[in-house]
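Protein chains in written order, with the working numbering: chain G, 16 to 475; chain R, 50 to 322.
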Amino acid sequence: MVGSSRPRRRRRRPGITAGPVQAPPRDPDRVIAGVAERRLAIGLDTLDLCFVVALYLRAERAQLASFTEAQLEDVFAQVCAVVEPDADQVKKRGTHAIGRLREQRMLARVDGQGVVRTGEYALSRLATGIVEFFLDEDVLTRESLTVLTQTLRVGLQGILDAARRADGAPAWHAGVVAPLRVTITELVAGIERRQRGLDLQQEDFQAEIRRLLEADWFGAVDRCQALLESTSATLRELNEILLRDSSQLQALLHDIQDLAIAAGAADAEAAALRLMDQVDRIAAWGAARQRAWSEYFQYVHRYLRDVVRLDPTRALTQRLREQLASEAGRSFSLTVAGAPPFRLLRTVLPPRERPPVTRPRAPREREPEPDTGVDPQEVLEGQVRGALDGGAVALSAVTAEVTAALVESERFVAAGRVAHTVAQLTRATAARVRPWVAVGGDLEIEDWALAAPAARGGDR
Amino acid sequence: MTSRPGYAQLQDVLLDPEFPALDLALRRGWHVDRDAGAWYLLLTDAQDHLEAFYRRYGCELIHRSDGYFYLLPTGDQLPRRQLAVGDMIVGQALALLYLAPASVERGGLVTREQLVEQLVAVLGTDTLIGAFLPRKRRIDERVAHKLVRAKVTEAVRRLAGLGFVDLLEGDQLRLRTALLRFAEPVRGLAAPAEALARLVASGEVAMAVDGEGAGEGEGEGEGEGEGEGEGEGEGEGEGEGEGEGEGEGEGEGEGEGEGEGEVVVEDDEEPEV
Chain G
16 MVGSSRPRRR
26 RRRPGITAGP
36 VQAPPRDPDR
46 VIAGVAERRL
56 AIGLDTLDLC
66 FVVALYLRAE
76 RAQLASFTEA
86 QLEDVFAQVC
96 AVVEPDADQV
106 KKRGTHAIGR
116 LREQRMLARV
126 DGQGVVRTGE
136 YALSRLATGI
146 VEFFLDEDVL
156 TRESLTVLTQ
166 TLRVGLQGIL
176 DAARRADGAP
186 AWHAGVVAPL
196 RVTITELVAG
206 IERRQRGLDL
216 QQEDFQAEIR
226 RLLEADWFGA
236 VDRCQALLES
246 TSATLRELNE
256 ILLRDSSQLQ
266 ALLHDIQDLA
276 IAAGAADAEA
286 AALRLMDQVD
296 RIAAWGAARQ
306 RAWSEYFQYV
316 HRYLRDVVRL
326 DPTRALTQRL
336 REQLASEAGR
346 SFSLTVAGAP
356 PFRLLRTVLP
366 PRERPPVTRP
376 RAPREREPEP
386 DTGVDPQEVL
396 EGQVRGALDG
406 GAVALSAVTA
416 EVTAALVESE
426 RFVAAGRVAH
436 TVAQLTRATA
446 ARVRPWVAVG
456 GDLEIEDWAL
466 AAPAARGGDR
Chain R
50 MTSRPGYAQL
60 QDVLLDPEFP
70 ALDLALRRGW
80 HVDRDAGAWY
90 LLLTDAQDHL
100 EAFYRRYGCE
110 LIHRSDGYFY
120 LLPTGDQLPR
130 RQLAVGDMIV
140 GQALALLYLA
150 PASVERGGLV
160 TREQLVEQLV
170 AVLGTDTLIG
180 AFLPRKRRID
190 ERVAHKLVRA
200 KVTEAVRRLA
210 GLGFVDLLEG
220 DQLRLRTALL
230 RFAEPVRGLA
240 APAEALARLV
250 ASGEVAMAVD
260 GEGAGEGEGE
270 GEGEGEGEGE
280 GEGEGEGEGE
290 GEGEGEGEGE
300 GEGEGEGEGE
310 GEVVVEDDEE
320 PEV
């Protein structure tokens, strides 16, 4: 299982995000605001920088963990003698330089004795980082990459074994999470730091090629080619190592992740996931740099072949410059083919013919026609008359009879029409206070007394 | 015969899926170099077939040893045009940059600012303004500089349309091998005048007409009487129409820019054919 390069899907559970392993994701705005609030600043002139470099080299050579004040002053005096040999008051300037470095956290007092005795000072991580950047020590080489990846593999194998043995949260943390976050992360960061170093070195190579050509046009061809070849070979080798080793590292990390998921160790799973992303990034760097360098390689080779070798005395540049500067440069014009692009005609739709404006010939108003439909009022009158003829002597009786067949919703309207019709067909009398009489369902009306049937003959 | 087995006949070339686009590009004046990848391979492999093919249209498929192809009309069947003076100046400055070791450091990438610096270094500010704004009488220095920069940008854009440079993001340009065409008159050991006469005789270059400014117009005529000016009709004032062939010329100009440029017309009286 270990070391296999089978393709595997990376499982990313919700809530598990990939980022730098050392620290949880930080809010950039808050961090920037914090830096601004603390008014952090770094300012090193050449003398200060040389002083820091000298301290670094002295510590390295003499295996010093810290410097006494006398040693600091001694180193500064040596630096001053080289950089500014005419400087006065070296001791005083040294005191100021040490003060500046302390203010900027390049030097830290490590003895903790205060005024009891003279202090001991050590270079901080910041100062060490700056010096290492300028000394370009961390450039990725075949040897350093091989050693680093082998160490990584061994470390991950140990963590995998610890993960298999882990039987509780403390064991997971001590055996897996902590090593992943510290040891392995440091190793991966070491590779990335060396990658950046190699990037810088490539930039220097490109500038070096330019300088060589400017200094010795034709004579620089061989040296330029050697420089190109060596860098290409280095990149090719590094890429091969990265391709081979990154798959093994990924397999190990996958195994650790699987075990972490099975054990429910979310921290270990997240740490493994983040490291996988970092390993991916390292492998992608190799391919990208090799591709970019390949393009540059081809360009420079073409330049050396077509420009430098064909114009060993660099006369062409001079003659072209003279041509451009003189009237000759404006006296001629290159001929080029100039076929016009094809005309792509639009599809044109014929306009739709609009009908002419006309006036309708038929008369606008039609003659009235007799309506042969049933007059509802006549029907109602018939019903009311039937009720009256049947002997009804009260409006409520007529209304109840006429509206009995209607649905509830129509009865209220019909009651009004019945009252109107009754008033036309007979004579009604009403008391001052008319009684409310139910006429069926929920409907009640104010009742009228109607003339008796015998007395209605004259009314009609 | 240099054709590979796949191109045993002209028909095989014409059936190549890359051919239609390549053919159109060549006819529009595009220069195909090694960076063009598949197109360059196609031209290299089918060179014999295509030389004979284009000769029937009255033009030559030229292959320079620097590594680029282009189509040179020698008859009257395919329209041709001359680069404007401004384009020639910018083209020569770009060729100088191509030859400079400084551009090697960046893999052939330069910025427009570097181009203008090169022009100023070689020509001087006054000459540069005079070359691009020949008929301007009194003009504010700041305005003149702005106009020159705009005209340089326009010239670069037109040269990019012919395959001399690539326009990249931002202000950057990628220099291409075909720029060495601008150095042709000074490449050999012969005197430049002799070399120029030889190039004129072969139809590679034409002598500029007196009084021609550095404007954007590119005269053009074609046998079939269907000219199409591709130059920009710029502006206010003295600018006047684009070059066109007889009859139904069609201005395709992009009327942008600062305005006061004089548009160069190839030949007002008769379009070159």
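Here a beta-carbon is modelled for each residue, glycine too, at the ideal position from N, C-alpha and C.
For this session: Please work out which residues of its chain come closer than 7 Å, Cβ to Cβ, to serine 247(G), disregarding the five sequence neighbours upstream and downstream, and give them in chain order.
Result: Trp308, Phe312
Problem set entry | Alpha-carbon spacing of cysteine 95(G) relative to alanine 283(G), whole angstroms | 52 Å
Problem set entry | Cα-Cα separation, leucine 91(R) to threonine 166(G) | 50 Å
For this session: Identify whether valine 349(G) lies in helix, strand or coil by the three-state DSSP scheme.
Result: Per the sequence shown, residue 349(G) should be read as leucine rather than valine. Three-state DSSP puts leucine 349(G) in a strand.
Problem set entry | Per-residue burial, threonine 350(G) [other beta carbons within 10 Å of its own, 16 or more giving buried] | buried
Problem set entry | chain G within 7 Å of alanine 255(R), Cβ atoms only | yes
Problem set entry | Helix, strand or coil at leucine 224(R) [DSSP, three-state] | strand
Exercise. Which residues does DSSP pair with glutamate 461(G) in a beta bridge?
Worked result: Trp451(G)
Problem set entry | Boundaries (first-last residue) of the alpha helix (DSSP H) holding arginine 376(G) | Element bounds for arginine 376(G): n/a, residue is neither H nor E.
Problem set entry | DSSP-derived helix/strand/coil call for histidine 111(G) | helix
Exercise. For glutamine 240(G), which residues from the same chain have a beta carbon less than 8 Å from its beta carbon, with the 5 sequence-adjacent residues on both sides left out?
Worked result: His316, Leu319
Exercise. First and last residue of the beta strand (DSSP E) that includes alanine 123(G)?
Worked result: 122 to 124
Problem set entry | Residue environment, proline 122(R), which counts as buried when at least 16 other CB atoms sit within 10 Å | buried
Problem set entry | Enclosing alpha helix (DSSP H) for proline 122(R) [first to last residue] | First-last for proline 122(R): 117 to 122, but that is the beta strand (DSSP E), not the alpha helix (DSSP H).
Exercise. List, in order along the chain, the chain R residues whose C-beta lies closer than 8 Å to that of glycine 344(G)?
Worked result: Met137, Ile138, Gln141
Exercise. Span of the beta strand (DSSP E) holding leucine 110(R)?
Worked result: 108 to 113
Problem set entry | arginine 128(R) at chain G interface by Cβ criterion, 7 Å | It should be noted that the sequence gives proline, not arginine, for residue 128(R). Taking Cβ atoms only, chain G reaches closer than 7 Å to proline 128(R), which makes this a yes.
Exercise. On the three-pair Cβ rule with 8 Å, is the region 143 to 155 of chain R touching the region 210 to 230 of chain G?
Worked result: yes
Exercise. Which residues mark the beginning and the end of the beta strand (DSSP E) in which alanine 295(G) is found?
Worked result: A small fix is needed here, since residue 295(G) is aspartate in this sequence, not alanine. Premise fails: aspartate 295(G) lies in the alpha helix (DSSP H), 281 to 318, not in any beta strand (DSSP E).
Exercise. Hey, does tyrosine 136(G) have any beta-carbon neighbour from chain R nearer than 7 Å?
Worked result: no
For this session: Throw me the rounded Cβ distance for the arginine 345(G) and methionine 137(R) pair, which I believe falls under 8 Å.
Result: 7 Å
Exercise. Glutamine 392(G): buried (16+ other C-beta within 10 angstroms of its C-beta) or exposed?
Worked result: exposed
For this session: Could you tell me whether any Cβ in chain G is nearer than 7 Å to the Cβ of proline 122(R)?
Result: yes
Exercise. For chain G, is any of its Cβ atoms less than 7 Å away from the one on glutamate 154(R)?
Worked result: yes
Exercise. Does the beta-carbon of methionine 121(G) have 16 or more other beta-carbons within 10 angstroms, so that it is buried, or is it exposed?
Worked result: buried
Exercise. Using the beta-carbon of each residue, which ones in chain G are nearer than 7 Å to alanine 144(R)?
Worked result: Leu335
Exercise. Which bits of chain G does valine 235(R) rub up against, with CB to CB less than 7 Å?
Worked result: Leu331, Arg334, Leu335, Gln338
Exercise. What is the DSSP secondary structure of alanine 87(R), counted as helix, strand or coil?
Worked result: helix
Problem set entry | Contact under 7 Å by Cβ, leucine 138(G) with leucine 70(G) | yes
Exercise. Can you list, in chain order, the residues of its chain whose CB lies under 8 Å from that of leucine 145(R), leaving out five sequence neighbours each side?
Worked result: Gln167, Val171
For this session: Name, please, each residue of chain G whose Cβ falls closer than 8 Å to the Cβ of leucine 177(R).
Result: Near leucine 177(R) there are no residues of chain G at all, since even the closest Cβ is about 11 Å away, more than 8 Å.
For this session: State the DSSP-derived secondary structure class of threonine 93(R), mapped to helix, strand or coil.
Result: helix
Exercise. Would you say serine 261(G) faces chain R, with C-beta separation under 7 Å as the test?
Worked result: no
Exercise. Beta-carbon of leucine 63(R) versus every beta-carbon of chain G: anything under 7 Å?
Worked result: no
Problem set entry | the region 231 to 238 of chain G in contact with the region 184 to 198 of chain G per 3-pair CB rule at 8 Å | no
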